[in-house]
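All remarks here apply to the structure that follows.
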Amino acid sequence: MTRNTRMPGAQHARRVVATTLAAAVVIGGATACTGDVTAGPSPAPTTPIDVGTAPNQDAIALYTGRDAAIAAALEKLPGHIEDALERSKVPGAQVAVVSGGKTVYTGAFGVKDVRTGDKVDDGTVFLIASMSKPISATVVAKAITDDPKLSWSTPVHDLLPSFEMGDPYVTAHATVGDYFAHRSGIPTGGGDDLEDLGFDRAYILAHLKEIPLAPFRTTYQYSNFGLTTGAEAIATSRGQTWEQTAKELLFDPLGMTSTTSSHADFLAIEDRAVQHARLGDDDFEPLFDRDPDAEAPAGGVASTATDIAKWMAMVLADGEHDGAPLIDAAPLTEAFSAQIVNSHNTALDQRPGHYGFGMNVGSAVGGRVVLSHSGAFSMGTGTAVSLVPDLDLGITMLTNGAPIGVPEAVNQAFLDDVMFGAQTRDWVDAFRARLEPFNHPVGDLAGQTAPAGATMGGSASDYVGTYTSPYFGTLTVTESGGALQGALGPDGGYTFAFTPWEGDTMAFVPTGENAPTGSLSSAVFTRSGGSVSGVTLTYFNGYPMVEEPSGLGVFTRVP
Numbered sequence: 002m003t004r005n006t007r008m009p010g011a012q013h014a015r016r017v018v019a020t021t022l023a024a025a026v027v028i029g030g031a032t033a034c035t036g037d038v039t040a041g042p043s044p045a046p047t048t049p050i051d052v053g054t055a056p057n058q059d060a061i062a063l064y065t066g067r068d069a070a071i072a073a074a075l076e077k078l079p080g081h082i083e084d085a086l087e088r089s090k091v092p093g094a095q096v097a098v099v100s101g102g103k104t105v106y107t108g109a110f111g112v113k114d115v116r117t118g119d120k121v122d123d124g125t126v127f128l129i130a131s132m133s134k135p136i137s138a139t140v141v142a143k144a145i146t147d148d149p150k151l152s153w154s155t156p157v158h159d160l161l162p163s164f165e166m167g168d169p170y171v172t173a174h175a176t177v178g179d180y181f182a183h184r185s186g187i188p189t190g191g192g193d194d195l196e197d198l199g200f201d202r203a204y205i206l207a208h209l210k211e212i213p214l215a216p217f218r219t220t221y222q223y224s225n226f227g228l229t230t231g232a233e234a235i236a237t238s239r240g241q242t243w244e245q246t247a248k249e250l251l252f253d254p255l256g257m258t259s260t261t262s263s264h265a266d267f268l269a270i271e272d273r274a275v276q277h278a279r280l281g282d283d284d285f286e287p288l289f290d291r292d293p294d295a296e297a298p299a300g301g302v303a304s305t306a307t308d309i310a311k312w313m314a315m316v317l318a319d320g321e322h323d324g325a326p327l328i329d330a331a332p333l334t335e336a337f338s339a340q341i342v343n344s345h346n347t348a349l350d351q352r353p354g355h356y357g358f359g360m361n362v363g364s365a366v367g368g369r370v371v372l373s374h375s376g377a378f379s380m381g382t383g384t385a386v387s388l389v390p391d392l393d394l395g396i397t398m399l400t401n402g403a404p405i406g407v408p409e410a411v412n413q414a415f416l417d418d419v420m421f422g423a424q425t426r427d428w429v430d431a432f433r434a435r436l437e438p439f440n441h442p443v444g445d446l447a448g449q450t451a452p453a454g455a456t457m458g459g460s461a462s463d464y465v466g467t468y469t470s471p472y473f474g475t476l477t478v479t480e481s482g483g484a485l486q487g488a489l490g491p492d493g494g495y496t497f498a499f500t501p502w503e504g505d506t507m508a509f510v511p512t513g514e515n516a517p518t519g520s521l522s523s524a525v526f527t528r529s530g531g532s533v534s535g536v537t538l539t540y541f542n543g544y545p546m547v548e549e550p551s552g553l554g555v556f557t558r559v560p
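Position in the sequence shown (first residue = 1) + 1 = the numbering used here.
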């Protein structure tokens, strides 16, 4: 990613090693030798090594020359795409590959909408979900380039003085980078629950202070609204909305004319891919419209593979576009370098994963750095991008089907072909198994059946009333024909039925992006002096990476 890793006018050229380092060990800055060492070259390694400018850039050599390897992989790529779509039944896709600063492949497959059968073309716009994160990180790097007062280390509180977190120390010290690296302590899912209820960005950011935090800077908790906080701080420092900032600093300069961070703009595009949720193993249906405006910096970008290719080329060129500097290499490199471990080993022979400021930072089997990010909406979007900086190579795949690993599988199959000339494993099966849990029902009662003859612990009128939570706001419980219904959200638009389970414990079906079909949760009403005084909605009272209940889903009845 840094300029000194590139040779002027050429790809990041490497030579195949002919000799190894001299037999000396550097300890504490001094050279220590063991015994008598005869100067001269040591034997060449049996496996060819591409030697970089620094030892941590060394990697196993490609099986053939770079250009020949990429050309051969491009010939196989359409077959990988068609195979993955056929096996998964994902409706449609776009793919683009960038090499040497140029888009060397684009492809459109399948349909935009299974109801109409309209074909995907190169201009079809897709929601890209969390692939928005590295793009937003690039916007911030450009803002830092333009304003020397900004950096990844700028405290968010300096830019948003009224913003609060649940810990005063975190409020005062958390930086833009902390929020982009998911190390602020906001638990995974924090704020997403409010978004599912229909709350907007302003409400959600104002209520993050209610969330119990994980340890600051020592734990990785993937947080859409943490990253959105960092992005909003940068936009506010410019006197703009985030949508204006992204357009002005990145989309317009790169000519990403089909890219937007506004859901209304996306819906206004005639040539767009409809989202398809997954029903069963291989049935994808357009059941929902996922509006990600509240978390636009983290998941709200809509684009084409062709536009994403322009962004990939600029990142791989260390911030240059059309041969001219656009973004300083330093903040861009900082964003896409490891900042925190996000995948800890369960065995000593496993490589850990890392996260930068909006980008996964990993390594291929042969040692090459691979930058990647996926995007997923269970309501019907799956995307992925992978960049290999030392090969000046990038691939992205956008699909309009719920996430089952298709984009990740195709990207990895392509990189396998480039690096090894063959597949290391069946990536469609591997990623399907990895992402399958995202489609599983959630809730403490999921998969269970109500006890036979279940009845309420009292009359329906016992439970009717208004309940409040500092985080979720107002819950209204009403009764009609003896049946109870709950309503949450800014306008009471998130509604659900309470069904008898056991006494004052009832069941309800949560819905939304984070509650796949089949989800079921308990609602536990409590009494004081014989009267119902509150209710805990268990689904809304915890986060997936935290064992203890959050307490946020506890509602108190208004007298």
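Beta carbons are placed, not taken as given, at the ideal position from N, Cα and C, and that holds for glycine. Remember, predicted model here, so these are calculated numbers, not experimental data.
- Proximity of the segment 94 to 114 to the segment 311 to 322 meets the contact definition, three or more beta-carbon pairs being nearer than 8 Å.
- Relative to the Cα of Ser338, the nearest Cα in the group Asn346, Asp323, His345 and Gly354 belongs to Gly354.
- The C-beta separation of Ser133 from Ser375 comes to about 11 Å, leaving the pair out of contact by the 8 Å criterion.
- When the Cα atoms are used, Asn515 and Asp197 turn out to be separated by approximately 8 Å.
- In the displayed model, Lys134 falls within a helix according to three-state DSSP.
- For Glu503, the three-state secondary structure derived from DSSP is strand.
- Short of 7 Å from the beta carbon of Ala234, and not among the five residues preceding or following it, lie these beta carbons of its own chain, in chain order: Val157, Leu160, Leu161 and Val177.
- DSSP, read as helix, strand or coil, puts Met457 in strand.
- Within the DSSP bridge table, the entry for Val126 names Arg273 as partners.
- Within the model, the alpha-carbon separation for Ile212 versus Pro471 is close to 10 Å.
- Going by beta carbons, Trp428 and Gln449 fall outside the 8 Å limit.
- By a beta-carbon distance limit of 8 Å, Met457 contacts Pro501. Their separation comes to about 5 Å.
- Here Gln340 is buried: its Cβ has 16 or more other Cβ atoms, across all protein chains shown, within 10 Å.
- Between Phe526 and Asp505, the alpha-carbon positions lie close to 5 Å from each other.
- In the pairwise beta carbon analysis, the segment 372 to 388 is classified as not touching the segment 76 to 86: fewer than three pairs are separated by under 8 Å.
- For Glu286, no alpha helix (DSSP H) encloses it; the enclosing beta strand (DSSP E) starts and ends at Asp284 to Glu286.
- Rounded to the nearest angstrom, the gap between the Cα atoms of Tyr170 and Ala299 is 24 Å.
- For Val115, no beta strand (DSSP E) run applies, since DSSP gives it neither H nor E.
- By the neighbour-count criterion, in which 16 or more other beta carbons inside 10 Å mark a residue as buried, Pro135 falls on the buried side.
- A check of alpha carbon separations from Ala453 across Gly227, Asp290, Leu228 and Glu503 identifies Glu503 as the nearest.
- It is roughly 42 Å from the alpha-carbon of His208 to the alpha-carbon of Ala325.
- The segment 354 to 372 makes contact with the segment 46 to 64; the number of CB pairs closer than 8 Å reaches 3 or more.
- For secondary structure counted as the beta strand (DSSP E) over 3 or more consecutive residues, the segment 282 to 352 holds these complete runs in sequence order: 284 to 286 and 341 to 344.
- The beta carbons of Leu75 and Val121 sit no closer together than 8 Å.
- By the criterion of at least three beta-carbon pairs nearer than 8 Å, the segment 343 to 358 is in contact with the segment 174 to 189.
- Between Thr125 and Ala109, the C-beta gap is smaller than 8 Å, which places the two residues in contact.
- Within a 10 Å sphere around the beta-carbon of Ser163 sit fewer than 16 other beta-carbons, which makes this residue exposed.
- Secondary structure of Phe378 (DSSP, three-state): strand.
- Partner residues in a beta bridge of Tyr221, as assigned by DSSP, do not exist.
- In terms of Cβ geometry, Phe226 and Gly191 form a close pair [threshold 8 Å].
- Annotation for Val443: no alpha helix (DSSP H) segment contains it, and DSSP assigns it neither H nor E.
- About 5 Å separates the beta carbon of Asp463 from that of Val533, a gap short enough to meet the 8 Å contact definition.
- At a Cβ-Cβ threshold of 8 Å, Ser263 and Asp294 count as neighbours.
- Under the DSSP assignment, Met420 falls in the alpha helix (DSSP H) whose first and last residues are Val407 to Phe421.
- At the C-beta level, Ala403 and Phe267 stay beyond 8 Å of one another.
- One thing to note: Asp283 has its Cβ no nearer than 8 Å to the Cβ of Lys113.
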